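Chains as they are written, first to last, in the working numbering: chain A, 1 to 262; chain B, 1 to 262. For reference, the structure discussed in these notes is given below.
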DNA sequence: CGCATCCTTGAGGGCCATCAAAATGCGTGG
DNA sequence: CCACGCATTTTGATGGCCCTCAAGGATGCG
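Right, dumping it as structure tokens:
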């Protein structure tokens, strides 16, 4: 194990650009050299404003983007209406899919201000050619997105809107936790009610009513900019949230990956 | 370009186990050597029966499975109810996600009989270490699943059930087309109405009514075992189906991948 | 302090779920 | 070849979740 004695939050300081990548997942499988290599890939950083489009569906991509700070959505559009298919928190390679795919089938947009770092595809290609273990971690990180997509599919297909919202809250919270950006009793988020509506396949009006219900029932209190939760277990059980699909390190880690570490 | 003059269906004959892998997508980027290498990875084949579970959620995986013939579903379960998050057609690596992830967050089950071929993870690891271009195609194929997941999310979030069903039909048809398994006026499928219900997040009763409506409106005629469509354009426009998310070769191909071919 | 954006509230209607039961199709065995 | 049993499909009636349309209130920024 690479860093079992080290406090994981050290990486947030030592690697200000990429220190949250796979934190709480397989980051403990990264060697010191790999962490440094990854940090060195970021050639340029930029600050984006609320609503800015980082990638537009179909555009050819030559960079991949590490989200350093902020919150982003992957969105699709269909007949005049936007739908958010997933979100991103600091430490995510928000558009790494574009490397194997060449172009993206969706938009990536900011919610609130964000700071990002760019990694040219050519450098990713180098990693693939010369650092198979790191490449496999990149692959892993894109498949986390796929696993989260699957959970969203089930959520949309089976749960009524109040539970979908609660599920979204539970997932955001769990993911922020892994990258050290949550509170004990909730989290901050730049999401507006209309964003939640687009994530849940519901109308803003209905989301508003559902949020009031969640507040009244003591499940979650969403206000502009933050979510407060009195009892996390209540939220998660109401949402039927089971975090195993996030592949956190507390769950069983991939056996073969561990073997391959060194 | 590796095989621009060759009829793609030749591969179906020359490589009976893996000849449909990425057919209609990036298979034209595979060199002859890569195709042979891939074919050689399959160490064992098996025939599965209707309803058989190939992989159970959470089980550790040491193999990856090529679907040679048949039809499979990825399913999740939530509070007593099954939900299908995607399906597979011949040529798909149905559980390649398990290689980077180590275990799967979902079940993979047969609908109808299926023939599959197994590839040990150890051989995939060899490919990753020594054949970066082929490895990148593997990565690509798993991200196709992610792209399809995203489309399903939007479909579930935005379309009423009749259009969801039509969308599922359109996707199945398009994917079977790419692997040479469709008819000019439709396709065969072992799906039952209850499977369609689980794919669309609806009840079997409602699916039944929606199917009758689609039949009456001349959009699609589903009967046990097959779907017949009078006018494909009508089906696809009704379903708001845009096949770009399938990354077929007719669409713009990934630029960087082409450069990396040789 | 004015305007834009976001949130909140109300009324009416449609899609889809639930419950219940009948009909059809299909493989099996008498 | 027909009878039987089971899975699947079809049909009917009722109700709830969530949508649509509409307008009023709050919040924040220049």
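The beta-carbon is built from N, C-alpha and C at its ideal position, and this holds for glycine as well. As the structure is a prediction and not an experimental result, all values here were calculated from the model.
- A distance below 6 Å between beta-carbons, with the five flanking residues on each side excluded, links residue 55/B to the following residues of its chain, in chain order: 95, 104, 108.
- Three or more beta-carbon pairs drawn from the segment 153–171 of chain A and the segment 197–207 of chain A are found closer than 8 Å, and the two stretches are therefore classed as touching.
- Its chain contains 218 as the residues whose beta carbon lies nearer than 7 Å to that of residue 230/A, once the 5 sequence neighbours on both sides are disregarded; these appear in chain order.
- Contact between the segment 179–187 of chain B and the segment 127–137 of chain B is not established, with fewer than three Cβ pairs separated by less than 8 Å.
- Per the coordinates, the alpha-carbon of residue 215/B lies some 5 Å from the alpha-carbon of residue 221/B.
- Under the DSSP assignment, residue 114/A falls in the beta strand (DSSP E) whose first and last residues are 114–120.
- The Cβ atoms of residue 116/A and residue 41/A lie no closer than 9 Å to each other.
- The Cβ-Cβ distance between residue 71/B and residue 89/B falls below 9 Å.
- At least one beta carbon of chain B lies nearer than 9 Å to the beta carbon of residue 106/A.
- Around the beta-carbon of residue 176/B, 16 or more other beta-carbon atoms lie within 10 Å, marking it buried.
- Contact between residue 238/B and residue 166/B holds: CB atoms are separated by about 5 Å, below the 8 Å threshold.
- Nearest CB-CB separation between residue 235/B and chain A: not below the 9 Å threshold.
- Note on residue 79/B: under 16 other CB atoms within 10 angstroms of its CB, so exposed under the neighbour-count rule.
- Within the segment 192–209 of chain B, 198, 199, 200, 201, 202 place their CB atoms closer than 9 Å to a CB of chain A, listed in sequence order.
- If you ignore the 5 residues before and after residue 7/A, its C-beta comes within less than 7 Å of no other C-beta in its own chain.
- Rounded to whole angstroms, residue 203/B and residue 150/A show a C-alpha spacing of 19 Å.
- Taken in chain order, the members of the segment 87–104 of chain A whose beta-carbon sits within less than 7 Å of a beta-carbon on chain B are 97, 100, 101, 102, 103.
- Along the segment 139–161 of chain B, the positions whose C-beta sits under 7 Å from a C-beta of chain A are 139, 140, 142, 143, 145, 146, 147, 149, 150, 152, 153, 154, 156, 157, 158, read in chain order.
- Residues of chain A with a Cβ closer than 8 Å to the Cβ of residue 244/B are, in chain order, 58, 105.
- Contact between residue 76/A and residue 156/B is absent: CB atoms are separated by about 12 Å, not below the 8 Å threshold.
- If the five residues before and after residue 50/B are omitted, its C-beta is found closer than 8 Å to the C-beta atoms of 110, 111, 112, 113, 190, all from its own chain and listed in chain order.
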